[in-house]
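Numbering (my numbering), first residue to last: 14 to 186.
Built from N, CA and C at the ideal position, the CB exists for glycine as well.
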Amino acid sequence: MLYSQSAEQQALQLLFSDLKLKLDEPAKQAFSNFNQSLWKKLEKKQITREQLFEERFHTFFKNYYHLEINGNSCSDQYLSYLAYGHEEVDGARELLTDLFSAKKQLYLATNGVFKVQIQRLKDAKMAEFFEQVFVSEKIGSEKPDPEFFKYFFSHSNADPAQTLIVGDSLSSD
Numbered sequence: 014m015l016y017s018q019s020a021e022q023q024a025l026q027l028l029f030s031d032l033k034l035k036l037d038e039p040a041k042q043a044f045s046n047f048n049q050s051l052w053k054k055l056e057k058k059q060i061t062r063e064q065l066f067e068e069r070f071h072t073f074f075k076n077y078y079h080l081e082i083n084g085n086s087c088s089d090q091y092l093s094y095l096a097y098g099h100e101e102v103d104g105a106r107e108l109l110t111d112l113f114s115a116k117k118q119l120y121l122a123t124n125g126v127f128k129v130q131i132q133r134l135k136d137a138k139m140a141e142f143f144e145q146v147f148v149s150e151k152i153g154s155e156k157p158d159p160e161f162f163k164y165f166f167s168h169s170n171a172d173p174a175q176t177l178i179v180g181d182s183l184s185s186d
């Protein structure tokens with residue numbers, strides 16, 4: 014529904030600007046790869062969400078720029094910038110409008126950060142399409158953990174046999 018990559022790139026650019034660092038293509042790619050590797054570790058329960066948020070900036074800046082920074086502070090700033098990125102995927106609004114008009118039950122299930130996801134939905138004026146928003150941070154389980162989906166189906170009116178999940182990642186959706 015909303016492009017994550019463009020929001021992430023914009024947030025990263027703003028963070029680097031705050032730190033008076035140049036964000037060139039190699040740095041962008043290195044951060045993106047490192048960040049994705051941490052999210053994969055989270056999906057596999059190899060790290061916690063808190064470790065991801067601390068590590069992604071502390072470790073990246075230490076390894077890439079040889080800088081010691083406070084990972085949590087950088088993460089908080091990055092997330093505040095990320096919350097305001099809401100570029101729509103082409104055709105997403107039309108699809109949501111059609112499904113909503115057809116009285117289909119729509120739910121959002123995400124591993125994203127709660128406050129970021131809610132802000133992005135509000136700013137994009139898409140929140141009204143969804144009956145509920147399920148965020149792993151609030152549930153206590155990350156997709157694709159079966160516990161996430163057990164929670165989802167036990168706290169929604171969705172029928173597992175009649176549910177289609179659309180996502181951006183085969184490994185987590």
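The beta-carbon separation of residue 161 and residue 152, rounded to 6 Å, stays under the 8 Å limit for a contact.
For residue 123, the enclosing beta strand (DSSP E) covers residues 120–123. According to DSSP, residue 148 shares a beta bridge with 123. Of the residues assessed, residue 124 falls on the buried side of the cut-off, its CB having 16 or more other CB atoms within 10 angstroms. Residue range 38–56 is occupied by the alpha helix (DSSP H) that includes residue 50. It is roughly 45 Å from the alpha-carbon of residue 108 to the alpha-carbon of residue 80.
Annotation for residue 129: 92, 95, 96 place their beta carbon closer than 6 Å to its own, counting only its chain and skipping 5 residues before and after. Between residue 55 and residue 126, the alpha-carbon positions lie close to 13 Å from each other. Exposure of residue 177 is indicated by the presence of fewer than 16 other C-beta atoms within 10 angstroms of its C-beta. In this structure, residue 17 places its C-beta atom within 8 Å of the C-beta atom of residue 181. Counting along the chain, residue 19 sits inside the alpha helix (DSSP H) bounded by residues 17–31. Take the alpha-carbon of residue 83 and the one of residue 67: they are about 8 Å apart. The alpha-carbon of residue 114 is positioned some 36 Å away from that of residue 49. Distance from the Cα of residue 171 is smallest, within the candidate group 111, 146, 132, for 146. Spanning the alpha carbons of residue 19 and residue 105 requires a straight line of approximately 16 Å.
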